[in-house]
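What follows is a single structure, written as structure tokens, with notes after it.
Below, the structure written as structure tokens:
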């Protein structure tokens, strides 16, 4: 595995041809661009168009035949941030990315890397590394077939125990 820059990271996921799978493990990401929308959501004024840019990317990839799937592995009850993300994410499946949610207890026996990852066309895996507070993103890339296969298998196992976005009802 070696580190890559943000531009390379984006270029790689946008050039996927068949399969794009992603696991998210953090309860919060500390993304500065989300601060204002998060505060607005907490005040009862959500931004209905916040994810339009991502939905455009998803639609473009889906129109090329890319199958996109994401799993959010979360603690329950959901953190405020995860509730914010869940509320906003309802537009993404309609654009072409399937999202599933799973409580950490249900995913505990699925062996996987301890950080978010993306498997791209089953020939590369990208990782994100965050500081404890969420900022300080670094991006890693591995094209080692064993690493890619293990991450793809972890995703598939977690997918099997996860609940589709529209059916997910978080516990308390």
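Residue numbers (the UniProt record's numbering): 1 to 172.
Here a beta-carbon is modelled for each residue, glycine too, at the ideal position from N, C-alpha and C.
- Proximity to residue 17 across 24, 66, 165 and 45 peaks at 66, based on C-alpha coordinates.
- Looking at the backbone, the Cα of residue 121 and that of residue 34 are separated by about 29 Å.
- Under the three-state reduction of DSSP, residue 61 is assigned to helix.
- The alpha-carbon separation between residue 59 and residue 12 amounts to approximately 17 Å.
- The stretch 66-130 is shown to contain whole beta strand (DSSP E) runs of 3 or more residues at 67-74, 97-103, 117-120 and 124-129, in chain order.
- Counting only runs of 3+ residues, the beta strand (DSSP E) found wholly inside the stretch 10-43 occupies 19-24, in chain order.
- In the three-state reduction of the DSSP assignment, residue 141 falls in the strand class.
- Residue nearest to residue 104 within the set 163, 20 and 149 is 163 (criterion: CA-CA distance).
- In the structure shown, residue 2 adopts extended strand secondary structure according to DSSP, grouped into three states.
- Three or more Cβ pairs drawn from the stretch 46-61 and the stretch 14-29 lie within less than 8 Å of each other, which places the two stretches in contact.
- Residues 69 of the same chain have their beta carbon placed closer than 6 Å to that of residue 98, with the five preceding and five following residues left out of the count.
- Close CB contacts of residue 148 within its chain, under the 8 Å cut and outside five residues either way in sequence, are with 119, 122, 123, 124, 125 and 142 (chain order).
- Each of 77, 4 and 88 was checked against the Cα of residue 42, and the nearest Cα belongs to 88.
- Looking only at 85, 20 and 138, the smallest Cα-Cα distance to residue 156 is reached by 20.
- Judged by their CB atoms, residue 152 and residue 23 are not nearer to each other than the 8 Å cut-off.
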